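Numbering of the sequence shown is given in the working numbering, commencing with residue 78 and proceeding in unit increments.
Shown next, in C-alpha cells, is the structure this report addresses.
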Amino acid sequence: MNAFREKYSAENGQTLILVFIILIILMFATLFLFDLHQVIKTKIKSRTAVDTAALVGAEWQKHTLNAIGEINLIKATTALLSEEYVTGGTSADFLKVTDVNDAAQVQKAKEQLQQVSDAAASLTQIQVRLSFVGPILGMAASQQAAKNNGLPGNPDSTNVALMHLSQLSDDTQYGEEVLSQQIKGYEWRNPYIAMLTEVLETSKTIAVAPNVQFLGYPRLSSDGLISVDILRNETLYDAINGDVWCYVKDIIRMDYGPEGTKWWGDIELISDSSNFPEESEYCPVGVNYHSSGYNSAENAQAFYGDDGRGSSSAESLLDQAGRLTDADLLSNNYDGYDPDNHNDTDHKYNPLAKIEWAIFDAKQWYNYGDQQVQNWEQYLRSSMQEGLTYRSGAVFYATARVTNETVAGNWEKLADEKIDDDRYIADSFAWADKDTVSKSNPAARMRQAEYRMKKSSRRIHTTALAKPLGRFQTTDGYLPPHAAGMILPVFDKTSIIPAALSDNPGDSEMNNPYFMAFLKEYLPHLGSVNSLSEMEPWMDSHPHGAWFREYHEALKKLNDPEWRQKGIDWLETVAKTTTYIDENGKEVDKTYTNEDFCNYWPSGGSGPVTGPSVLH
Numbered sequence: 078m079n080a081f082r083e084k085y086s087a088e089n090g091q092t093l094i095l096v097f098i099i100l101i102i103l104m105f106a107t108l109f110l111f112d113l114h115q116v117i118k119t120k121i122k123s124r125t126a127v128d129t130a131a132l133v134g135a136e137w138q139k140h141t142l143n144a145i146g147e148i149n150l151i152k153a154t155t156a157l158l159s160e161e162y163v164t165g166g167t168s169a170d171f172l173k174v175t176d177v178n179d180a181a182q183v184q185k186a187k188e189q190l191q192q193v194s195d196a197a198a199s200l201t202q203i204q205v206r207l208s209f210v211g212p213i214l215g216m217a218a219s220q221q222a223a224k225n226n227g228l229p230g231n232p233d234s235t236n237v238a239l240m241h242l243s244q245l246s247d248d249t250q251y252g253e254e255v256l257s258q259q260i261k262g263y264e265w266r267n268p269y270i271a272m273l274t275e276v277l278e279t280s281k282t283i284a285v286a287p288n289v290q291f292l293g294y295p296r297l298s299s300d301g302l303i304s305v306d307i308l309r310n311e312t313l314y315d316a317i318n319g320d321v322w323c324y325v326k327d328i329i330r331m332d333y334g335p336e337g338t339k340w341w342g343d344i345e346l347i348s349d350s351s352n353f354p355e356e357s358e359y360c361p362v363g364v365n366y367h368s369s370g371y372n373s374a375e376n377a378q379a380f381y382g383d384d385g386r387g388s389s390s391a392e393s394l395l396d397q398a399g400r401l402t403d404a405d406l407l408s409n410n411y412d413g414y415d416p417d418n419h420n421d422t423d424h425k426y427n428p429l430a431k432i433e434w435a436i437f438d439a440k441q442w443y444n445y446g447d448q449q450v451q452n453w454e455q456y457l458r459s460s461m462q463e464g465l466t467y468r469s470g471a472v473f474y475a476t477a478r479v480t481n482e483t484v485a486g487n488w489e490k491l492a493d494e495k496i497d498d499d500r501y502i503a504d505s506f507a508w509a510d511k512d513t514v515s516k517s518n519p520a521a522r523m524r525q526a527e528y529r530m531k532k533s534s535r536r537i538h539t540t541a542l543a544k545p546l547g548r549f550q551t552t553d554g555y556l557p558p559h560a561a562g563m564i565l566p567v568f569d570k571t572s573i574i575p576a577a578l579s580d581n582p583g584d585s586e587m588n589n590p591y592f593m594a595f596l597k598e599y600l601p602h603l604g605s606v607n608s609l610s611e612m613e614p615w616m617d618s619h620p621h622g623a624w625f626r627e628y629h630e631a632l633k634k635l636n637d638p639e640w641r642q643k644g645i646d647w648l649e650t651v652a653k654t655t656t657y658i659d660e661n662g663k664e665v666d667k668t669y670t671n672e673d674f675c676n677y678w679p680s681g682g683s684g685p686v687t688g689p690s691v692l693h
C-alpha cells in the first residue's frame, strides 16, 4: 500500500501539466480562428462597399456622358436655326441674303450668324460644367454608398482631398496662365472649389479613394537599370516587406548590376501643369473639344476629331441614332455657300456657325487590339460583345485601405520587448529544432500559419473598377462609342469589370499622403545619392523622415542580392508532383514549383491552377 501511494504521489500532477499544455494550444488556436474570422469579415465588407461605390460612381459618369451627348445633338439639329433663337424675322429669312451688294442684308445675316455662335458657345459651357459636376456628384455618391455598406472613413484619403482643396485656392499652383481660369468661357475654379468643399463637409471623411488626375501630381524620370515606374507602385513595398514572392517574382529577377550599383539611377522630379484634364480631376470622363473646320455641322471632322477615325459621315451617324430624318439633314436644305460666292443658290450663309463639339479624348479612349481580345476571350464563356471592346475611357476606380488588426500580426504588443521576427510561439510546441521540424509536424504547420499572419500586410487593400458601357449600331454592326469621335448619348449600362481589362485609370495614391510625399521628396533625393545608406542621415533630419521608413526598409531588402536569391530559390522549389498517363499509355511524373501556383491563369493550356470560367 505504501509503495502504491509513493508511485501515485510521484505521478501526481502530470495530467495537470498535459491539460495546461492543451489549454495553451487551444488558446492560440482560438486566437488564430479569431484573426481569420476578423480578416475574412473585413475583406467581405470592404469588397461589397468598394464594388458598390465603383458602380455608383460609374453610373454618374454614364449620366454625364449622355447629357453631354444630348447637347451635341441639340447643336447638330436645326433647332439652332429656328426663329426662337433670333430676334425678328422668320425662319425662312434667317441668314438669307438676296442681294450680296446690299450691305444691310449682309450685316443682318452676320449678326444672326453671331447669335447662332453665341447660342452654341453657351451650350459648350454647359458641357464643360457637366464634365466637372457629374464626376464630383459621382464621387460624393460613392462615399455614401461605401459608408452605407459599413466601410469606415480613411483619414489618409481625407487628408489628401483636403490638401488638394487647399492647392486649388493657391494661385501659385492653379493660377498660372497656362491653366487659363476659363475653359470655353466657363470660370471653373471657384465652382469647383465650392463643390469639393461641400462634398468634404457633407461626407466628413473619404471612405473610398477614386481615381484622380491631380495637377502637378509627381512625375518621375530616371536612367536606372530598374524603371522608376516600378518604384511608383505602392503595393510593391507591402509585398517586399511581407516576402510575398509571387508578387515580386519578376522584379527580383531583374538585372541590378554588381553589388553596390546605383540601379535606381538619377531619379528626377518632373513638375508641370500639362496633365490638368480641363474637367474634374476626380474620375475624369475623357472629354475634349473640337471645332468644325468648314463651319458646317455636317463636316465629318467635327464628329471624328482631327485623326479622321471612322468611315461613316456625321449625318449618317445621326440618322442611325434615329435623331434626324432626311428632311432634317442640313445638306438637303442648304447648299452651304456664303453670300460672297456668286455661285450661291440659296443665298444663305453656312447654316451653322463654327461649333465646338464635345469629343472623346483620343489619348484616353481606344480599343483593345485583336490579339488582346483573343487572349482575354479564353477565360470567357462567350466572346466579348461587339462594340464593347474598348479598354480605356471613362472608368471609376474605387480603392479602400482598411487596417488589418490581428493578434498574430501584433505579437510585439503582448511583450515588454519586441519579439524577434525569427521567433514564433509555435516553436514552443516543437520538440525538435525549428529548422529541422518535418513539414507534416503540427507545430510546423502552426508556425507557417503564424508566419503568414505576422508577415501579412497591416492594411487590407480592396479595389474595384466599374465602367459606363455603350455602343451604337451601324449598318455593318456595332461600334464602340468613341468611333464616332463626337460624344453621343449611347451609354446604357454600367458594370464592374476586372482591373486587368483597363489601363491604369489614373493616379490612385489618394489613399496615402505619406506615399505621395515619398514620391515627391524621398525618391528624387535618392536619385542624388549613390547608396541607400546615405539616405539614413537625410531621413533623420527630414520632417517627413518617419513617413519614409517603411518604404526605405523595403528598398534595402530589394537591394540585397541574398534576399532576392532567397525569393528565387523559393519560387523554384518543387511544391507538388503528380502522375498522369501520356498518349503512349506510360505513367509520367510532372512536377510543379511554388511559382506555378503563383499564376492563376493556365500556362500553355495546362497548369496546377486553372483560370476562372468567367472573367469577373
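Ideal placement from N, C-alpha and C gives every residue a C-beta, glycine not left out.
Every value quoted in this text rests on a predicted model; they were computed, and no experiment measured them.
Name, in chain order, the residues that DSSP records as bridge partners for K544. S572
Give the straight-line distance between the Cα atoms of T312 and Y628, rounded to the nearest whole angstrom. 10 Å
Suppose the cutoff is 7 Å on Cβ atoms and the five residues either side in sequence are ignored; what does the same chain contact list for W738 look like? The chain is shown only over 78 to 693; residue 738 falls outside these bounds and no answer can be derived.
On the CB-based measure, 16 or more other CB atoms within 10 Å of its CB, does Q462 come out buried or exposed? exposed
If A284 sits next to A238, beta carbons under 8 Å apart, how far is it from one beta carbon to the other, in whole angstroms? That pair is no contact at about 11 Å.
Which value, in whole angstroms, describes the spacing of the CA atoms of S159 and I145? Its pLDDT being 47, under 50, S159 is placed unreliably by the model, and the measurement read from it follows with that caveat. About 22 Å.
How about V183 and I260: are their beta carbons less than 8 Å apart? Result no, Cβ atoms of V183 and I260 do not sit closer than 8 Å.
Measuring alpha carbon to alpha carbon, tell me which of N365, N310 and Y474 ends up nearest W434. Among N365, N310 and Y474, the Cα nearest to that of W434 is on N365.
Proximity of Q441 and S469 at Cβ, strictly below 8 Å: yes
Using the three-state DSSP reduction, which class does N121 fall into: helix, strand or coil? This sequence places Ile at residue 121; Asn is not what is there. Note: I121 maps to helix in three-state DSSP.
Quick check: what's the CA-CA separation for K185 versus N178? 13 Å
Are there 16 or more other CB atoms within 10 angstroms of the CB of T655, so buried, or fewer, so exposed? exposed
Between which two residues does the alpha helix (DSSP H) holding Y694 run? Because the chain is modelled from 78 through 693, residue 694 falls outside the range shown and cannot be assessed.
Sorted by chain position, which residues of the same chain lie with C-beta nearer than 6 Å to E188's C-beta, five sequence neighbours on each side aside? none
Quick one: give me the first and last residue of the alpha helix (DSSP H) that V205 is part of. A180 to N225
Ends of the alpha helix (DSSP H) at S243? It spans P232 to L245 - the alpha helix (DSSP H) in which S243 sits, taken as one unbroken run.
Once you ignore the five residues that flank G547 on each side, which residues in its own chain have a CB closer than 6 Å to its CB? P558, V567, F568 and D569
L95 Cβ short of 7 Å to the ligand PLP heavy atom set: With respect to the ligand PLP, the structure shown offers nothing to examine, as it has no ligands at all.
Could you give the DSSP three-state label for G134: helix, strand or coil? helix
For the structure I just gave you, are there three or more beta carbon pairs, one from the stretch 638-649 and one from the stretch 317-331, closer than 8 Å? yes
Opposite D666 in the DSSP bridges: which residues? T656
Distance, Y591 Cα to M563 Cα: 40 Å
Which of helix, strand or coil does DSSP assign to I347? The three-state reading of DSSP puts I347 in strand, counting E and B together.
Inter-residue Cα distance where the pair is T279 and V289: 20 Å
Straight-line CA distance for Y474 to H619? For Y474 and H619, the distance between alpha carbons rounds to 33 Å.
For A543 versus S572, is the C-beta distance shorter than 8 Å? yes
Proximity below 8 Å, CB of A196 to CB of V133: Contact flag unset, no.
Nearest to N149 by CA position, among K139, I101 and T201, is which residue? Measuring from the Cα of N149, the nearest candidate turns out to be T201.
Give the straight-line distance between the Cα atoms of T466 and A477, rounded to the nearest whole angstrom. 28 Å
Specify the secondary structure class of L302 as computed by DSSP and reduced to three states. L302: coil per DSSP, three-state reduction.
Residues that DSSP places opposite H619 in a beta bridge: Answer by DSSP bridge pairing: none, since H619 is not bridged.
What three-state label does DSSP hand N444 in the structure shown? strand
Give the DSSP-derived three-state secondary structure of F291 in the structure shown. coil
In whole angstroms, what is the alpha-carbon distance linking I270 and Q191? Between I270 and Q191, the C-alpha separation is close to 33 Å.
On the CB-based measure, 16 or more other CB atoms within 10 Å of its CB, does H709 come out buried or exposed? Because residue 709 is not part of the residues shown, which for the chain are 78 to 693, the question remains open.
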